[in-house]
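**Student:**
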Amino acid sequence: MMDDLDLGFDEQDRGEKGKHRRGAVRKRKGGSGGGGGGRGKTALALLLAFVLLGTIGGGAFYGFDRVQSYFTTPDYDGAGTGEVTVEIKQGALLADMANALVAADVVKSAKAFIEAAEDNARSKNIQPGTYKLRKQMSGENAVTAMLDLKNRVVNGVTIPEGRTAKNVYKLLSAETKIPVTDFEAAAKDPIARGVPDWWFKRTDGKKVKPSIEGFLYPDTYEIPPKATAESIIELMVENFLSVTQEMQFADRVQKERGGISPYEALIVASLAQAEAGNKDDLGKVARVAYNRVFGDFPCNCLEMDVTVNYYLELTGQKTKTSGQMTAADLDNPKNPYNRKLKGLVPTPINNPGKQAMEGAMDPPPGKWLFFVAIDKEGHSEFAETYEEHLKNEAKAKEAGII
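Quick note: the sequence shown uses the numbering used here, first residue 151, plus one each step.
#1: With three or more C-beta pairs closer than 8 Å as the rule, is the segment 264-277 touching the segment 336-345?
#2: So what does DSSP say about Ala439, is it helix, strand or coil?
#3: Taking the C-alpha atoms as reference points, what is the distance between Lys429 and Ala419?
#4: Cα separation between Pro502 and Asp431?
#5: Please specify which runs of the beta strand (DSSP E), each continuous and at least 3 residues long, are wholly inside the segment 470-551, giving them in chain order.
#6: Counting only runs of 4+ residues fully inside the segment 406-471, write out the alpha helix (DSSP H) ranges in chain order.
#7: Take Glu265 as the anchor and find which of Ala477, Gln286, Ile373, Pro224 has the nearest alpha-carbon.
#8: Please report how far the alpha carbon of Val435 lies from the alpha carbon of Leu416, in whole angstroms.
#9: Taking Arg343 as the reference, which of Gly355, Ile383, Val318 has the closest Cα?
#10: With H, G and I counted as helix, E and B as strand and the rest as coil, what does DSSP make of Leu243?
#11: Report yes if the C-beta distance between Val345 and Val303 is below 8 Å; otherwise report no.
#12: Buried or exposed: where does Ser122 fall if 16 or more other Cβ atoms within 10 Å of its Cβ makes it buried?
#13: If I measure Cβ to Cβ from Gln286 and keep anything under 6 Å in the same chain, skipping five residues before and after, which residues do I get?
#14: Hey, is Pro498 close to the ligand GDP, as in C-beta under 7 Å from one of its heavy atoms?
#15: Could you have a look at Gly145 and say whether DSSP puts it in helix, strand or coil?
#16: So, is Ala195 buried or exposed, given that buried needs 16 or more other C-beta atoms within 10 angstroms?
#17: Start and end of the alpha helix (DSSP H) containing Glu334?
#18: Between the beta-carbon of Ala439 and the beta-carbon of Gly312, is there less than 8 Å?
#19: Identify, in the order they occur along the chain, each residue of the same chain with its Cβ nearer than 8 Å to the Cβ of Glu508, setting aside the five sequence neighbours on each side.
#20: Could you check how far apart the C-beta atoms of Thr465 and Ser411 are, in whole angstroms? I think they sit under 8 Å.
#21: Reducing DSSP to helix, strand and coil, say where Ile238 ends up.
#22: Taking the alpha helix (DSSP H) that Thr370 falls in, what are its first and last residues?
#23: Determine, using beta-carbon pairs with one atom in the segment 250-263 and one in the segment 291-299, whether at least three such pairs fall under 8 Å.
#24: Contact check, Lys122 vs Pro498 under 8 Å by CB: the rounded distance?
#25: Once you ignore the five residues that flank Val330 on each side, which residues in its own chain have a CB closer than 7 Å to its CB?
#26: Using the three-state DSSP reduction, which class does Tyr226 fall into: helix, strand or coil?
#27: Would you kindly report the start and end of the unbroken beta strand (DSSP E) that includes Leu283?
#28: The beta strand (DSSP E) spanning Thr353 covers which residue range?
#29: Any idea if Ser392 is buried or exposed, counting beta-carbon neighbours within 10 angstroms, 16 or more meaning buried?
#30: Using alpha carbons as the reference points, say which of Pro375, Met454, Ala422, Phe399 lies closest to Ile238.
#31: Less than 8 Å between the beta carbons of Leu494 and Val456, yes or no?
#32: Ordered along the chain, which non-local residues of its own chain (more than five positions away) have a Cβ less than 8 Å from that of Trp518?
#33: Take the Cβ of Leu243 as the centre, count every other Cβ of all protein chains shown within 10 Å, and call the residue buried at 16 or more, exposed below.
#34: Pick helix, strand or coil for Asp215, following the three-state DSSP scheme.
#35: Can you name the residues that DSSP bridges to Gly289?
#36: To the nearest angstrom, how far is it from the Cα of Lys484 to the Cα of Gly279?
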């Protein structure tokens, strides 16, 4: 066998010299002519050799470390050293967290963190935010540290539903000490801050000047220590896009709202957010807005005082109650948000929450054109005719609401 194996390699390496040698050996073994058996033995030897060399070669190729790592998880030992800050972004999955930790050299491998998290039932409580951790921690210690609230950098600010962009900037500035002017400058180009350009499309023929209004999603945000006005606005826009995508807001509006664009529906959501005194009425108020602008309302205008107040705030003036508004306020020809103008206003008038957007996306059926709050909880009565509306106003007066 070894002779045949040796001959096989001599054949490949030596060409014709190998052939002569093979003939000489055959004679030495007493073989004469034929040669079929010799060739069979050589083929078998070659096959065994390739299997043997393939096994050895494969092991050499992968190397001991790589084979070993297949069976063991690369991991650091202990609680680590020093300090490093790691940001876990909104919507991050376990693998995303692991990759962020690897990039900061907190854990040795993503697998180490993922396996440790899967072994810890509490790991599902790890929240997005900024964490102070150590470098070169074991996966188990990293999970434990992220579950310890004292390691979480809390610099949170809550943006309530229905706040205008100007008001949002003031809230953010008070928390972060970043000047309001920085936020205003950062928001001038909403597309640069992450709003896709397709959002700024209307089907009513009105020209759109892109505005950040409507895209600063109301929520509680943990602001990273080194955040800028740009990065904070981008965080809020990213949250808006995530929420609306989960809701299928754009797709459903385009399919179900009869030619109304997602941007126009967002405007309606902001109107409902401003006008509805109770969350139960958000969808109905949205329906009123649709009916007035696209239905049988004589002027096909909104006639909502909240649009007047938006203009007053936008231009640095004090907002007013409906009773305080003058005729000039209610019908100012210089006001692009004039309540008497035909159609929807140019932009959203605030930043609506999820329920307001749901109401604009899927409002209840109804032919209502009027509404008025009738109790201190903010519930409204809705009417199809002005005569019915006057009766509802009488109820509101009796209840001391108006």
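Backbone N, C-alpha and C fix where the C-beta goes; we use that ideal spot for every residue, glycine too.
**Tutor:** Well, looking at it:
#1: Under the three-pair Cβ rule at 8 Å, the segment 336-345 does not count as touching the segment 264-277.
#2: For this step, residue 439 is matched to residue 289 along the sequence shown. Note: Ala439 maps to helix in three-state DSSP.
#3: For the purposes of this step, residue 429 is identified with residue 279 of the sequence shown, where counting begins at 1. For the purposes of this step, residue 419 is identified with residue 269 of the sequence shown, where counting begins at 1. Going by the C-alpha atoms only, they are around 12 Å apart.
#4: Position 352 of the sequence shown, counted from the start, is the residue given in the question as residue 502. Position 281 of the sequence shown, counted from the start, is the residue given in the question as residue 431. Pro502 and Asp431: Cα-Cα distance of roughly 14 Å.
#5: Segments of the beta strand (DSSP E) lying fully in the segment 470-551: 520-523, 530-533.
#6: 412-425, 432-444, 455-464, all fully within the segment 406-471.
#7: Position 115 of the sequence shown, counting from 1, holds the residue named residue 265. If we check each option's Cα against that of Glu265, Pro224 comes out closest.
#8: Within the sequence shown, residue 435 is the residue found at index 285, counting from 1. Within the sequence shown, residue 416 is the residue found at index 266, counting from 1. Those two C-alpha atoms are separated by around 13 Å.
#9: For the purposes of this step, residue 343 is taken as residue 193 along the sequence shown, with counting starting at 1. Nearest to Arg343 by alpha-carbon distance, out of Gly355, Ile383, Val318, is Ile383.
#10: Taking the sequence shown and counting its residues from 1, one reaches residue 243 at position 93. Correct three-state label for Leu243: coil.
#11: Position 195 of the sequence shown, counted from the first residue, corresponds to residue 345. Position 153 of the sequence shown, counted from the first residue, corresponds to residue 303. Taking 8 Å as the cut-off, the beta carbon of Val345 is found no closer than this to the beta carbon of Val303.
#12: With the chain covering only 151 through 552, there is no way to say anything about residue 122.
#13: The residue you call residue 286 lines up with position 136 of the sequence shown. The beta carbon of Gln286 sits closer than 6 Å to the beta carbons of Tyr226, Gly230 from its chain, once the five residues preceding and following it are set aside; these are given in chain order.
#14: With respect to small molecules bound, the structure shown includes none, and the ligand GDP cannot be examined in it.
#15: Examination of residue 145 is not possible in this model, given that the chain is present from 151 through 552 alone.
#16: Within the sequence shown, the letter at position 45 stands for residue 195. Low per-residue confidence applies at Ala195: pLDDT is 47, beneath 50, and the placement is therefore not dependable enough to give any value.
#17: Against the sequence shown, residue 334 aligns to sequence position 184. DSSP places Glu334 in the uninterrupted alpha helix (DSSP H) bounded by 330-337.
#18: To locate residue 439, count along the sequence shown from 1; it is residue 289. To locate residue 312, count along the sequence shown from 1; it is residue 162. Taking the C-beta atoms as reference points, Gly312 is found no nearer than 8 Å to Ala439.
#19: As a first step, residue 508 is located in the sequence shown; it is residue number 358 there, counting from the start. Closer than 8 Å at Cβ, skipping near neighbours: Met397, Leu432, Gly433.
#20: Position 315 of the sequence shown holds residue 465. Position 261 of the sequence shown holds residue 411. About 27 Å separates the two Cβ atoms, so there is no contact after all.
#21: Here residue 238 refers to the residue found at position 88 of the sequence shown. Strand.
#22: By 1-based counting over the sequence shown, the position of residue 370 is 220. Run containing Thr370: none in the alpha helix (DSSP H); it sits in the beta strand (DSSP E), 370-372.
#23: Yes: at least three Cβ pairs fall under 8 Å.
#24: Examination of residue 122 is not possible in this model, given that the chain is present from 151 through 552 alone.
#25: Locating residue 330 in the sequence shown gives position 180, where the first residue counts as 1. Same-chain partners within the cutoff: Tyr319, Lys320, Ser323.
#26: In the sequence shown, the residue the question calls residue 226 occupies position 76. Correct three-state label for Tyr226: coil.
#27: Numbered from 1 along the sequence shown, position 133 holds the residue referred to as residue 283. Run containing Leu283: 279-285, per the beta strand (DSSP E) assignment.
#28: In the sequence shown, the residue the question calls residue 353 occupies position 203. That residue, Thr353, is in no beta strand (DSSP E); it is neither H nor E in DSSP.
#29: Against the sequence shown, residue 392 aligns to sequence position 242. Ser392 is exposed by the Cβ-count criterion.
#30: One-based indexing of the sequence shown puts residue 238 at position 88. Comparing Cα positions, the closest option is Pro375.
#31: Here residue 494 refers to the residue found at position 344 when the sequence shown is read from its first residue. Here residue 456 refers to the residue found at position 306 when the sequence shown is read from its first residue. Cβ atoms of Leu494 and Val456: not closer than 8 Å.
#32: The residue labelled residue 518 in the question sits at position 368 within the sequence shown. Lys434, Arg437, Val438, Asn441, Phe532, Ala533, Glu534, listed in sequence order.
#33: What you label residue 243 is simply residue 93 of the sequence shown in a count that begins at 1. If you draw a 10 Å sphere on the C-beta of Leu243, you find fewer than 16 other C-beta atoms in it, and that means exposed.
#34: Working through the sequence shown from its first residue, we reach residue 215 at position 65. For Asp215, the predicted model reports a pLDDT of 47, less than 50, meaning its position is unreliable and no value from the coordinates is stated.
#35: The residue labelled residue 289 in the question sits at position 139 within the sequence shown. Per DSSP, none; premise fails for Gly289.
#36: Taking the first residue of the sequence shown as 1, we reach residue 484 at position 334. Taking the first residue of the sequence shown as 1, we reach residue 279 at position 129. Taking the straight line from one Cα to the other gives about 44 Å.
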